[in-house]
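Asks: Here it is, the structure, as structure tokens.
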DNA sequence: ATGAAAGCGCTAACAA
DNA sequence: TTGTTAGCGCTTTCAT
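Chains as they are written, first to last, in this note's numbering: chain A, 2 to 323; chain B, 2 to 323.
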């Protein structure tokens, strides 16, 4: 009775003054429902888990906030897990489910395979919403990676560049192939020839970016611009360029996808494409909640707001042809 | 009975074969105790909360791992909170306590004041262990900041520098004053005169570091080396130096405290002092658990392992006197 | 329209 | 040494 009033049960018929009286007393007593008792009675944990490869990657910052905000609205707790910490043998995720500690997952798989196994193990027990990747027959939310890469490439094209390389992600990453597609699209729409050897599968780490840059800059014919699929890799590209004695942006323009605080710490500051990571986090939880109440999995693409170019110092007009 | 066997209650006398039988059946059934029921019965959440100013600061990475590892051993869940997200009016922390969702906090206060209020509100309801700062009459764990700064300074001294500046932290940060002390100690032990204007209170952000560097490098008499109290600020110092057309390490050596993956992404790579952040995280939880079982607050300094100098490319021998 | 009571899964106290 | 049971605080069904 009291419980239903406090939880604003719409199906309950109660006199207005009773409602008020109950609520008044409750707030006077500073009443707060005990979480464990609720969880036990309702047999759900009111907790969701966000699992990302590395929680301290600034790219996750915004997404994490989105997840937290949306969860907070629904009165859900969020447990942060790092998938890189998951040993193949440690079925941490499974244990969480078995103990009834979490109701579902928002999961970003890393390039490593192990997580997929963990995912398998939990997927038929509780709902899982995939982030940054489509799965088979489960919910997912991804960004407009293709549009972002296209935007980045068009920016370089507009500056007069035609010798544009792409430093892409690792092979298993779906984001990588979508971003490659956006790059390719922009190039062909501008009728600019694309050299196959100028698209290099690197990785999303500074070291991978550095090696890719050095590789591309060691060729007899150098690109004058690079679209880098990930800002952390771009940090490495900047470094590789410097080591190759190539000046950014005078001799080489660099645009990266994702905009974090690191973009303004470099010299020159990085031109980037900002992605709606916050919204992705919110949508992930929203969808998980929907699944929890019985709805079917959806695959959504966040298009609002769209990717936006943040012009800084690492891009400039194409150098004159020698 | 069964419960006590599974929880390995040492005070229980039971026949060996009964124990085995119970355990065998339990594992065969894949039995896992329900978390909510335990929490309700035991009236504690088996959850601790780690609150840091900004969870995506790489400096917290290791500490977070330490917290997770120690919590995992004790079967505790960890809830990550960001104190920067805490609006003064939002008593999120308080709500967590009122709902019985967390048993205690490992709390790193930011320079901002608000958190202290939040802290006040929760401190007499559940135990709080402070990180990076001493509090009055509550547990705390800090690092050997003085030793770290001294080590950094001695490294510069050993390279022949005498014109050494200190880019310190914001005034309210206890870490800042401890690090200043270490710098001062190294200087006076080496009988090197310390200019008061060369110790500048900046902040732990790249922008603060950049401004401090530009300020110091705009003086008629420039330092040839800087001890930077925080690696993120050091990112800005590197940038400020470049903007001031001062070459690192040829004209200016830079050492920073804390060693994160960012240290190798810069050009030149940063020489740093690595701090035992992982151990600090573990100790924080260990102490919180002790408090939960009734022990009194302690103030501990992590000295094992000690701070260690990681020499990279941003420090070099002092330039010859003009 | 409101009050009473059962029961979620566990642990600890008590009986046998 | 082992089995039985009350009760943690909540929600929800069933009486009133």
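The beta-carbon is built from N, C-alpha and C at its ideal position, and this holds for glycine as well. Please read these numbers as outputs of a predicted model, since none were measured by experiment.
1) If I measure Cβ to Cβ from residue 23(A) and keep anything under 8 Å in the same chain, skipping five residues before and after, which residues do I get?
2) Could you pull out every unbroken alpha helix (DSSP H) segment of at least 4 residues lying fully inside the stretch 227-263 of chain B, listed in chain order?
3) Could you spell out where the beta strand (DSSP E) holding residue 168(A) opens and where it closes?
4) Quick one, which of 204(B), 95(B), 74(B) and 258(B) has its alpha-carbon nearest residue 156(B)'s?
5) Use the C-beta contact count for residue 267(A): other C-beta atoms within 10 angstroms, 16 or more gives buried, fewer gives exposed.
6) Who are the Cβ neighbours of residue 226(B) in its own chain at under 8 Å, not counting the five residues just before and after it?
7) My output table needs one value for residue 106(B): the three-state DSSP class, helix, strand or coil.
8) What would DSSP say about residue 144(A), mapped onto helix, strand or coil?
9) Measuring CA to CA, which of 17(A), 59(A) and 49(A) is closest to residue 236(A)?
10) Roughly how many angstroms separate the alpha carbons of residue 151(B) and residue 183(B), rounded to a whole number?
11) In this structure, does DSSP put residue 22(A) in helix, strand or coil?
12) May I have a chain-ordered list of the beta strand (DSSP E) segments no shorter than 3 residues that lie completely inside the stretch 266-298 of chain A?
13) Given a limit of 8 Å on CB to CB distance, which residues of the stretch 234-252 of chain A reach chain B?
14) Is the beta carbon of residue 123(A) sitting closer than 8 Å to the one on residue 95(A)?
15) Any Cβ of chain A within less than 8 Å of the Cβ of residue 273(B)?
16) I'd like to confirm the pairing. Which residues does DSSP put opposite residue 77(B) in its beta bridges?
17) Report yes or no: is there a C-beta of chain B within less than 8 Å of the C-beta of residue 212(A)?
18) If residue 148(A) and residue 307(A) are in contact, beta carbons under 8 Å, what's the gap, nearest whole angstrom?
19) Assign residue 1(B) to buried or exposed, taking buried as 16 or more other Cβ atoms, counted over all protein chains shown, within 10 Å of its Cβ.
20) Look at residue 314(A) and residue 250(A) and say whether their C-beta atoms are less than 8 Å apart.
21) Verify the CB distance criterion: does residue 216(A) have a CB-CB separation below 8 Å to chain B?
22) Using only CA atoms, which one of 289(A), 294(A), 140(A) and 303(A) lies nearest to residue 275(A)?
23) Do residue 79(A) and residue 69(A) have their beta-carbon atoms positioned less than 8 Å apart in this structure?
24) Would you report the Cα separation of residue 43(B) and residue 65(A), rounded to the nearest angstrom?
25) Please list the partners that residue 146(A) has in chain B, where partner means a Cβ-to-Cβ separation under 9 Å.
26) What does DSSP give as the partner residue(s) for residue 49(B) in the beta ladder?
27) Tell me, please, whether the stretch 35-53 of chain B touches the stretch 32-39 of chain A by the rule of three or more beta-carbon pairs shorter than 8 Å.
28) Taking the beta strand (DSSP E) that residue 129(A) belongs to, which residues open and close that run?
29) Compute the minimum distance between the beta carbon of residue 306(A) and the heavy atoms of the ligand MG, and state whether it is under 7 Å.
30) If residue 49(B) and residue 105(B) are in contact, beta carbons under 8 Å, what's the gap, nearest whole angstrom?
31) What whole-angstrom Cβ distance do residue 229(A) and residue 301(A) have, given they're in contact under 8 Å?
32) To the nearest whole angstrom, what separates the beta carbons of residue 176(A) and residue 146(A), a pair I think is in contact under 8 Å?
33) Given that a residue counts as buried once 16 or more other Cβ atoms are within 10 Å of its Cβ, and exposed if not, what is residue 120(A)?
Replies: Well, looking at it:
1) Numbered from 1 along the first chain, position 22 holds the residue referred to as residue 23(A). Taking residue 23(A) as the centre and dropping the five residues before and after it, the same chain places the C-beta of 3, 6 and 7 closer than 8 Å to its C-beta, in chain order.
2) Whole alpha helix (DSSP H) segments, 4+ residues: 232-244.
3) Residue numbering aside, residue 168(A) sits at position 167 when the first chain is read from its first letter. Counting along the chain, the beta strand (DSSP E) containing residue 168(A) begins and ends at 165-169.
4) As a first step, residue 156(B) is located in the second chain; it is residue number 155 there, counting from the start. Taking only the C-alpha atoms, the option nearest residue 156(B) is 258(B).
5) Looking up residue 267(A) in the first chain gives position 266. Classification for residue 267(A): buried.
6) Walking along the second chain from the start, residue 226(B) turns up at place 225. Result list for residue 226(B): 157, 160, 162, 164, 165, 166, 253, 254, 255, 256, 316 and 319, in chain order.
7) Residue numbering aside, residue 106(B) sits at position 105 when the second chain is read from its first letter. Reduced to three states, the DSSP call for residue 106(B) is strand.
8) Within the first chain, the letter at position 143 stands for residue 144(A). Reduced to three states, the DSSP call for residue 144(A) is strand.
9) For this step, residue 236(A) is matched to residue 235 along the first chain. For residue 236(A), the nearest C-alpha among the options comes from 59(A).
10) By 1-based counting over the second chain, the position of residue 151(B) is 150. By 1-based counting over the second chain, the position of residue 183(B) is 182. One C-alpha to the other measures close to 4 Å.
11) For this step, residue 22(A) is matched to residue 21 along the first chain. Reduced to three states, the DSSP call for residue 22(A) is helix.
12) Counting whole runs of 3 or more residues, the stretch 266-298 of chain A contains the beta strand (DSSP E) stretches 272-275.
13) 236, 237, 239, 240, 243 and 244
14) Here residue 123(A) refers to the residue found at position 122 when the first chain is read from its first residue. Here residue 95(A) refers to the residue found at position 94 when the first chain is read from its first residue. Yes, these two residues count as a Cβ contact at 8 Å.
15) Your numbering for residue 273(B) matches position 272 in the second chain. Not closer than 8 Å to any Cβ of chain A, the Cβ of residue 273(B) fails to qualify, so no.
16) Taking the second chain and counting its residues from 1, the one referred to as residue 77(B) is at position 76. The partner list for residue 77(B) (beta bridge, DSSP) is empty, contrary to what the question assumes.
17) Against the first chain, residue 212(A) aligns to sequence position 211. Answer no: the Cβ-Cβ gap between residue 212(A) and chain B never drops below 8 Å.
18) On the first chain, position 147 is the one that residue 148(A) refers to. On the first chain, position 306 is the one that residue 307(A) refers to. Correct: roughly 7 Å between the Cβ atoms.
19) This structure cannot speak to residue 1(B), because chain B is shown only from 2 to 323.
20) Walking along the first chain from the start, residue 314(A) turns up at place 313. Walking along the first chain from the start, residue 250(A) turns up at place 249. Cβ atoms of residue 314(A) and residue 250(A): closer than 8 Å.
21) Taking the first chain and counting its residues from 1, the one referred to as residue 216(A) is at position 215. Chain B contact via Cβ: absent.
22) Position 274 of the first chain, counted from the start, is the residue given in the question as residue 275(A). Checked all of 289(A), 294(A), 140(A) and 303(A); the closest Cα to residue 275(A) is 303(A).
23) Locating residue 69(A) in the first chain gives position 68, where the first residue counts as 1. Locating residue 79(A) in the first chain gives position 78, where the first residue counts as 1. For residue 69(A) and residue 79(A), yes; Cβs fall inside 8 Å.
24) Along the second chain, one-based indexing puts residue 43(B) at 42. Along the first chain, one-based indexing puts residue 65(A) at 64. In this model, residue 43(B) and residue 65(A) are separated by some 31 Å (Cα to Cα).
25) On the first chain, position 145 is the one that residue 146(A) refers to. Residues of chain B passing the Cβ test: none, with the nearest at roughly 21 Å.
26) As a working note, residue 49(B) is residue 48 in the second chain. DSSP output for residue 49(B) lists 79(B) and 105(B) as bridge partner(s).
27) yes
28) The residue given as residue 129(A) occupies position 128 in the first chain. That run of the beta strand (DSSP E) goes 129-132.
29) Only the bare structure without any ligand can be found here, which leaves the ligand MG out of the picture.
30) In the second chain, counting from the first residue as 1, residue 49(B) sits at position 48. In the second chain, counting from the first residue as 1, residue 105(B) sits at position 104. That pair is a contact at about 5 Å.
31) Taking the first chain and counting its residues from 1, one reaches residue 229(A) at position 228. Taking the first chain and counting its residues from 1, one reaches residue 301(A) at position 300. About 26 Å separates the two Cβ atoms, so there is no contact after all.
32) Within the first chain, the letter at position 175 stands for residue 176(A). Within the first chain, the letter at position 145 stands for residue 146(A). At roughly 5 Å, the Cβ-Cβ gap stays under 8 Å, so residue 176(A) and residue 146(A) are in contact.
33) For the purposes of this step, residue 120(A) is identified with residue 119 of the first chain, where counting begins at 1. It is buried - the Cβ of residue 120(A) has at least 16 other Cβ atoms within 10 Å.
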